[in-house]
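Q:
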Amino acid sequence: MSVIGKYFIFLGTLFGKGEKLSVYWRRLMEECVGIGVSSIFIVAIVSTFIGAVSCIQTAYNLVSPIIPISTVALIVRDMEILELAPTITCIVLAGKVGSNIASELGTMRITEQIDALEVMGINSSSYLVLPKVIAAMLTFPMLVIFSAFLGILGGYLAGTLTGVITERDYLYGIRDSFVPYNIFFMCVKPFVFGFLIATISSFKGFFTVGGALEVGRSSTEAVTNSCISILVADYLLAQLLL
Amino acid sequence: MIEVSDISKAFNGKEVLKGISASFKKGETNLIIGGSGTGKSVLLKCMIGLVKPDKGNVLYNGRDFYNCDKETQQSIRREMGVLFQGGALFDSKTVEENVRFPLDMLTDQSVQEKQERVAFCLQRVGLEAAAKRMPSEISGGMKKRVGIARAIVMNPMYLFCDEPNSGLDPLTSVKIDELIKEITEEYQITTIIITHDMNSVMEIGQNIMFLYQGAKLWEGVNSEIIRTDVPELKEFLFSNKLLREMEK
């Protein structure tokens with residue numbers, strides 16, 4: 001309980017006395033590149049293959065003659081939009097971005113860089129962490145939209161190239177019974193997950209005490225705690241918004 | 001002038017500082033010496049506001065750091081320069097950016113003014129040629145000098161140095177000591193140095209305080225320290241063979 005309390009106090013310090021807006025803008029742009037742009041490659045690879053595998057496995061399970069084959073595309077689309085793109089992508093990002101944030105801040109803590117900021121009278125948590133949190137909340141939804149697109153494209157490529165579904169059926173299926181609200185739901189998830197990953201990982205890194213071993217430990221804890229929080233939040237959001 | 005009075009601090013019930021009082025003069029290099037684990041760094045952290053003491057006051061020219069409004073505390077912080085043990089340089093920034101950082105964050109100076117000030121500070125520590133290099137590309141001694149340049153870039157009234165010689169060869173140590181002393185006298189800064197390096201004590205120790213198990217055991221100048229009768233201080237001073245030979 002004390003850790004949770006400390007976490008919320010830490011969140012409060014992010015919005016304490018800040019620095020000049022120009023400083024935050026520069027830091028935000030740096031973090032958007034570090035968190036968002038540098039994650040495009042891994043997100044693209046994971047999403048395309050997950051989409052492809054989803055298509056093949058769904059087609060494998062749909063053997064009934066009364067279910068039209070275009071249903072495969074419909075299932076791939078809904079799986080991608082509702083769960084795979086937002087949740088799996090964010091779990092991948094928890095590993096990549098979360099460990100990066102925790103190890104960066106942990107190293108800054110043990111090498112007295114954070115102390116140096118505090119001695120200068122700079123709100124170190126706000127200066128270092130707030131841009132990361134905002135960058136994650138801005139870039140994660142974009143990455144998830146990109147992921148959903150690539151996942152559906154991956155399904156199309158796998159389905160048509162292996163012959164399990166025709167191009168016409170796939171295109172019909174992904175447009176059939178489309179619910180636009182699901183897109184909104186897909187974008188809300190990474191917004192929340194981005195906040196959780198960035199704040200939990202920053203919290204773990206920021207309060208690292210010790211040396212290199214503890215930095216590694218903080219990094220591992222950041223990833224595991226972020227993943228657990230993503231799964232819990234995923235369930236809560238599904239209950240609340242669907 | 002910095003005055004500390006009756007500073008005490010305990011961690012998990014263990015008393016690390018026991019009612020330390022001292023005053024540190026302007027334009028002098030004030031040394032806090034003592035063995036490892038005697039509370040030197042904790043005392044420094046109490047003075048610069050990184051660790052809040054359980055008891056006691058820290059006065060900066062009469063302004064009580066822990067009992068003043070936030071604005072006064074902030075203005076005192078801006079009058080401080082701190083050289084950390086490992087330099088504490090920001091890894092993602094070049095030497096020049098590290099030195100410019102306090103100006104970027106805390107002042108509204110123009111780009112031109114900042115460049116001139118950074119160039120002056122780097123020239124003062126003899127590192128103008130390393131301005132574009134990253135901290136990972138420079139030696140330990142250079143990192144300390146960059147740390148000094150960053151500490152003086154805001155024209156501080158108080159300079160704190162946490163073991164400026166640790167990990168350096170004797171020659172570089174002497175150069176760092178001389179640089180700190182020159183800067184202290186040139187800009188009339190109140191400088192406090194945490195060290196257990198005997199060369200520093202003999203070379204630049206104008207006002208020395210010896211800590212032992214969290215308490216102040218001795219205070220004086222370097223010409224007196226050799227003739228001390230305090231057994232704990234004698235044991236600390238003559239712990240290496242060369243100095244023991246000299247004592248004989």
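Respectively, the protein sequence lines represent chains G and D. The first sequence begins at 1 in full-length UniProt numbering and counts up one residue at a time. The second sequence begins at 1 in full-length UniProt numbering and counts up one residue at a time. A virtual CB, placed ideally from N, CA and C, is assigned to each residue, including glycine. Since this is a predicted model, take the numbers as computed values, not measurements.
1) Which ranges would you report for the alpha helix (DSSP H) in the stretch 104–130 of chain G if only whole runs of at least 4 residues count?
2) For the candidate residues D:Phe-160, D:Leu-43, D:Thr-29, D:Lys-14, whose alpha-carbon lies nearest to that of D:Lys-216?
3) Could you name the residues of the same chain whose beta carbon sits closer than 6 angstroms to that of D:Thr-191, not counting the 5 residues immediately before and after it, in chain order?
4) Pull up the CB-CB distance for D:Gly-86 and D:Val-146, whole angstroms please, since I reckon it's below 8 angstroms.
5) Check whether the Cβ atoms of G:Ala-135 and G:Ala-59 sit closer than 9 angstroms, and answer yes or no.
6) Just reading off the alpha helix (DSSP H) that G:Leu-28 is part of, what are its end residues?
7) Does the beta-carbon distance from G:Leu-150 to G:Phe-185 come in below 9 angstroms?
8) For G:Ser-64, which three-state DSSP category applies?
9) With a Cβ-Cβ cutoff of 9 angstroms, do G:Ala-102 and G:Val-215 count as a contact?
10) So what does D:Phe-210 bridge to, in DSSP terms?
11) Can you check the stretch 29–95 of chain D for any beta strand (DSSP E) of at least 3 residues that lies completely inside it and give the ranges in chain order?
12) What are the complete alpha helix (DSSP H) segments, minimum 4 residues, inside the stretch 126–188 of chain G?
13) When the cut-off is 9 angstroms and only beta carbons count, does D:Pro-164 lie next to chain G?
14) Could you list which residues in chain G have their beta carbon closer than 8 angstroms to that of D:Gln-74, in chain order?
15) Would you identify the three-state DSSP class for D:Ser-5, choosing helix, strand or coil?
16) Taking the C-alpha atoms as reference points, what is the distance between G:Ser-211 and G:Ile-165?
17) Between which residues of its own chain and D:Glu-3 is the CB-CB distance below 7 angstroms, once the five residues before and five after are set aside?
18) If I'm right that G:Ile-81 touches G:Asn-225 with Cβ under 8 angstroms, what's the distance once you round it to whole angstroms?
19) Run through DSSP, which three-state label would G:Ser-218 get?
20) Please confirm whether D:Val-82 has its beta-carbon closer than 9 angstroms to some beta-carbon of chain G.
21) Along the stretch 94–109 of chain D, where does the CB come closer than 9 angstroms to a CB of chain G? Name the residues.
22) Going by DSSP, which residues form a beta bridge with D:Asp-162?
23) Put D:Ile-176 into one of helix, strand or coil per three-state DSSP.
24) If you drop the 5 nearest sequence neighbours on each side, which residues of the same chain put their C-beta closer than 6 angstroms to that of G:Phe-203?
25) On the three-state DSSP scale, how would you describe D:Val-230?
26) Could you tell me whether the stretch 28–36 of chain G touches the stretch 118–126 of chain G, using the rule of 3 or more Cβ pairs below 8 angstroms?
27) List the residues of chain G that D:Phe-90 touches, going by C-beta distances under 7 angstroms, in chain order.
28) Under a CB-based cut-off of 9 angstroms, is G:Ala-116 close to chain D?
29) With a Cβ-Cβ cutoff of 9 angstroms, do G:Ile-4 and G:Val-76 count as a contact?
30) Taking G:Lys-17 as the reference, give the member of D:Glu-71, D:Phe-90, D:Gly-35, D:Lys-25 with the closest Cα.
31) With contact counted as at least three CB pairs below 8 angstroms, one residue from each stretch, are the stretch 63–72 of chain G and the stretch 161–175 of chain G in contact?
32) What would DSSP say about D:Gly-19, mapped onto helix, strand or coil?
33) Would you mind sorting D:Asn-61 into buried or exposed? The rule is 16 or more other CB atoms within 10 Å of its CB.
34) Along the chain, where does the alpha helix (DSSP H) that runs through D:Met-142 open and close?
35) Residue range of the alpha helix (DSSP H) that G:Arg-77 falls in?
36) With a cut-off of 9 angstroms, does the C-beta of G:Thr-107 fall near any C-beta of chain D?
A: Let me spell this out:
1) 113–119
2) Locating residue 216 of chain D in the second sequence gives position 216, counting from the first residue. It is D:Leu-43.
3) For this step, residue 191 of chain D is matched to residue 191 along the second sequence. Hits under 6 angstroms: Thr-29, Leu-159, Thr-184.
4) Here residue 86 of chain D corresponds to residue number 86 of the second sequence, with the count starting at 1. Here residue 146 of chain D corresponds to residue number 146 of the second sequence, with the count starting at 1. Incorrect: roughly 12 angstroms between the Cβ atoms, too far for contact.
5) The residue given as residue 135 of chain G occupies position 135 in the first sequence. The residue given as residue 59 of chain G occupies position 59 in the first sequence. For G:Ala-135 and G:Ala-59, no; Cβs fall outside 9 angstroms.
6) As a first step, residue 28 of chain G is located in the first sequence; it is residue number 28 there, counting from the start. Note, G:Leu-28: alpha helix (DSSP H), 21–31.
7) Position 150 of the first sequence, counting from 1, holds the residue named residue 150 of chain G. Position 185 of the first sequence, counting from 1, holds the residue named residue 185 of chain G. No, they are not a contact pair.
8) As a position in the first sequence, residue 64 of chain G is number 64, starting the count at 1. If DSSP states are grouped into helix, strand and coil, G:Ser-64 belongs with coil.
9) The sequence position of residue 102 of chain G within the first sequence is 102, counting from 1. The sequence position of residue 215 of chain G within the first sequence is 215, counting from 1. Result yes, Cβ atoms of G:Ala-102 and G:Val-215 sit closer than 9 angstroms.
10) The sequence position of residue 210 of chain D within the second sequence is 210, counting from 1. Answer is D:Ile-33, D:Trp-218, bridged to D:Phe-210.
11) 29–33, 55–60, 80–83
12) 167–175
13) Sequence index remark: in the second sequence, residue 164 of chain D carries index 164 (1-based). Put simply, the CB of D:Pro-164 is far from chain G, with every gap to its CB atoms at 9 angstroms or more.
14) Reading the second sequence from its first residue, position 74 is the one you call residue 74 of chain D. Simply Gly-121.
15) As a working note, residue 5 of chain D is residue 5 in the second sequence. Three-state result, D:Ser-5: strand.
16) Along the first sequence, one-based indexing puts residue 211 of chain G at 211. Along the first sequence, one-based indexing puts residue 165 of chain G at 165. Residue identity differs from the one stated: residue 211 of chain G is Gly in this sequence, not Ser. Cα-Cα distance, rounded: 55 angstroms.
17) By 1-based counting over the second sequence, the position of residue 3 of chain D is 3. Same-chain partners within the cutoff: Ser-23, Leu-59.
18) Working through the first sequence from its first residue, we reach residue 81 of chain G at position 81. Working through the first sequence from its first residue, we reach residue 225 of chain G at position 225. About 27 angstroms separates the two Cβ atoms, so there is no contact after all.
19) As a working note, residue 218 of chain G is residue 218 in the first sequence. Residue state, collapsed to three classes: helix.
20) In the second sequence, residue 82 of chain D corresponds to position 82, counting from 1. Judged by the 9 angstroms Cβ criterion, D:Val-82 is in contact with chain G.
21) Phe-101, Pro-102, Asp-104, Met-105, Leu-106, Asp-108
22) Within the second sequence, residue 162 of chain D is the residue found at index 162, counting from 1. Per DSSP, D:Ile-194.
23) Numbered from 1 along the second sequence, position 176 holds the residue referred to as residue 176 of chain D. In the three-state reduction of the DSSP assignment, D:Ile-176 falls in the helix class, which pools H, G and I.
24) Here residue 203 of chain G corresponds to residue number 203 of the first sequence, with the count starting at 1. Taken in chain order, the residues that qualify are Tyr-7, Phe-10.
25) One-based indexing of the second sequence puts residue 230 of chain D at position 230. Here D:Val-230 sits in coil by DSSP.
26) Short answer: they don't touch.
27) Reading the second sequence from its first residue, position 90 is the one you call residue 90 of chain D. The contacting residues are Gln-113.
28) Within the first sequence, residue 116 of chain G is the residue found at index 116, counting from 1. For G:Ala-116, the answer is yes, since a Cβ of chain D falls inside 9 angstroms of its Cβ.
29) Taking the first sequence and counting its residues from 1, the one referred to as residue 4 of chain G is at position 4. Taking the first sequence and counting its residues from 1, the one referred to as residue 76 of chain G is at position 76. Going by C-beta atoms, G:Ile-4 is not nearer than 9 angstroms to G:Val-76.
30) By 1-based counting over the first sequence, the position of residue 17 of chain G is 17. The shortest Cα separation from G:Lys-17 among D:Glu-71, D:Phe-90, D:Gly-35, D:Lys-25 belongs to D:Glu-71.
31) yes
32) For the purposes of this step, residue 19 of chain D is taken as residue 19 along the second sequence, with counting starting at 1. Three-state result, D:Gly-19: strand.
33) Here residue 61 of chain D refers to the residue found at position 61 of the second sequence. With fewer than 16 other Cβ atoms from the protein chains shown falling within 10 Å of its own Cβ, D:Asn-61 counts as exposed.
34) Locating residue 142 of chain D in the second sequence gives position 142, counting from the first residue. Counting along the chain, the alpha helix (DSSP H) containing D:Met-142 begins and ends at 140–152.
35) In the first sequence, the residue the question calls residue 77 of chain G occupies position 77. Its alpha helix (DSSP H) spans residues 71–79.
36) Position 107 of the first sequence, counted from the first residue, corresponds to residue 107 of chain G. Closer than 9 angstroms: yes.
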